[in-house]
Amino acid sequence: MTTPTDNPRMPDFEALADKALSGGILSREEALGILRAADAELPALLAAAWRVRRHFHGNKVKVHVLMNAKRGACAEDCGFCAQSSKATKELEPYKLESADQIVKEAEMAHQRGAWKFCIVTATRGPSDADLDVLCDAVRRIKASVPIRVCTSLGLLTVPRAKRLAEAGVDRFNHNLESSERFFPEVCTTHSWKDRIDTLRTAKAAGMELCSGGIVGMGETSEDVADLALAVRELGVSSIPVNFLMESWSGTPKAATSAPSTPAYCLKVLCLFRLLNPDKDIRAAAGREEKLGALQPMALYAANSIFTDGYLNTPGQGVEADLKMIRDLGFETVQEAAQAQMTA
Ligand code: SF4
């Protein structure tokens with residue numbers, strides 16, 4: 006199992022919440038205490054995470070929609086990724102979608118109530134020709150669709166980051182995926198430092214940062230804690246927490262990793278909340294499959310989700326996501342903005 010839960014001493018979760026709310030940073034030991042807490046302590050942990058989440062985000066949920074704008078045939082060997090040319094899963098690749106199609110999908114995302122539209126391409130990094138299309142699309146979206154834009158395009162050079170920022174990209178995503186220690190077991194074609202460099206380049210160009218990782222690849226709790234500490238240090242605005250799904254069959258990590266339990270997945274979300282109190286924590290891919298019946302509880306720690314599926318796998322659907330949000334007594338930031346305008 007990747008989910009040790011045999012910590013004999015229950016951490017004082019309320020004291021950790023107080024620390025987070027007063028600007029303190031949880032120590033590595035405190036972070037590990039959260040991940041190693043007994044499952045029976047989950048209600049107390051969730052209550053502490055909720056107190057912090059409510060302080061900074063109220064009952065609002067930021068809904069994101071992903072577009073896989075260029076799929077598959079990636080030369081990199083990220084061991085969790087079905088779009089790697091090393092993966093055995095049969096995934097029909099396609100080249101970069103047209104700017105017209107990207108704009109159309111941004112409009113559809115807005116109609117579905119999305120706060121942010123995330124354009125993703127499977128690649129080590131964007132070519133200048135692809136950037137021509139992407140920057141054209143982003144300019145048109147920013148001129149006509151009231152939605153924020155994030156791009157996730159692999160590794161960036163300084164000139165390419167500047168082009169994206171000038172086109173109007175609000176936020177750049179590049180996940181660290183795991184700890185520096187574990188990353189070489191995930192990927193050998195680029196390094197964790199390459200990823201850090203890209204995040205710093207994107208930030209220097211003026212874009213907000215989005216960076217998180219994947220849980221359940223065979224990493225230890227120490228690796229998860231170190232990832233949470235690393236994204237805090239980078240000052241990212243948004244942290245997607247993905248859970249490796251068995252349905253990502255055909256990837257080396259899905260074939261070899263032990264599955265995470267729903268309780269462990271919740272503990273991870275609580276850890277990210279307590280370490281990154283005011284940031285957007287997103288219960289990302291694997292939310293439905295790995296959290297199972299505990300899925301709605303994710304929103305007591307996280308304040309953001311993807312709706313309408315992921316890059317290569319479907320989610321539970323927009324209607325089910327919105328119903329879950331409303332059943333919890335929460336509302337999307339889009340709904341809250343519309344209600345304010347009509348009040
Ligand atoms: S660089 Fe991105 S698309 Fe390519 S294998 Fe890695 S995660 Fe997948």
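If you use my numbering, the sequence shown corresponds to residues 6 to 348, in order.
Ideal Cβ placement from N, Cα and C applies to all residues, glycine included.
As the structure is a prediction and not an experimental result, all values here were calculated from the model.
With distances taken from CA atoms, which of 117, 22, 141 is nearest residue 322?
-> With distances taken between Cα atoms, residue 322 lies closest to 117.
What are the partner residues of residue 243, as DSSP defines its beta bridges?
-> 215, 285
So, using beta-carbon positions, are residue 170 and residue 210 closer together than 8 Å?
-> yes
Residue 129 CB to nearest heavy atom of the ligand SF4 below 7 Å | yes
In the structure shown, what three-state DSSP assignment does residue 89 receive?
-> strand
Beta carbon of residue 81: closer than 7 Å to some heavy atom of the ligand SF4?
-> yes
Can you give the Cα-Cα distance for residue 161 and residue 15, rounded to whole angstroms?
-> Cα to Cα, residue 161 sits roughly 43 Å from residue 15.
Could you name the residues that DSSP lists as bridge partners for residue 305?
-> In DSSP, residue 305 forms no bridge with anything.
Reducing DSSP to helix, strand and coil, say where residue 318 ends up.
-> coil
State the DSSP-derived secondary structure class of residue 360, mapped to helix, strand or coil.
-> Outside the displayed range of the chain (6 to 348) lies residue 360, so it cannot be described from this structure.
Just the Cα atoms here: how many angstroms apart are residue 206 and residue 290?
-> Going from the Cα of residue 206 to the Cα of residue 290 covers about 26 Å.
contact_flag[the segment 73-93, the segment 121-139] where n(CB pairs < 8 Å) is 3 or more = yes
Out of curiosity, what's the CA-to-CA distance linking residue 362 and residue 248?
-> Residue 362 lies beyond the stretch modelled for the chain, which goes from 6 to 348, so this question has no answer here.
Would you check if the segment 270-280 and the segment 25-34 touch, i.e. whether three or more CB-CB distances between them fall below 8 Å?
-> yes
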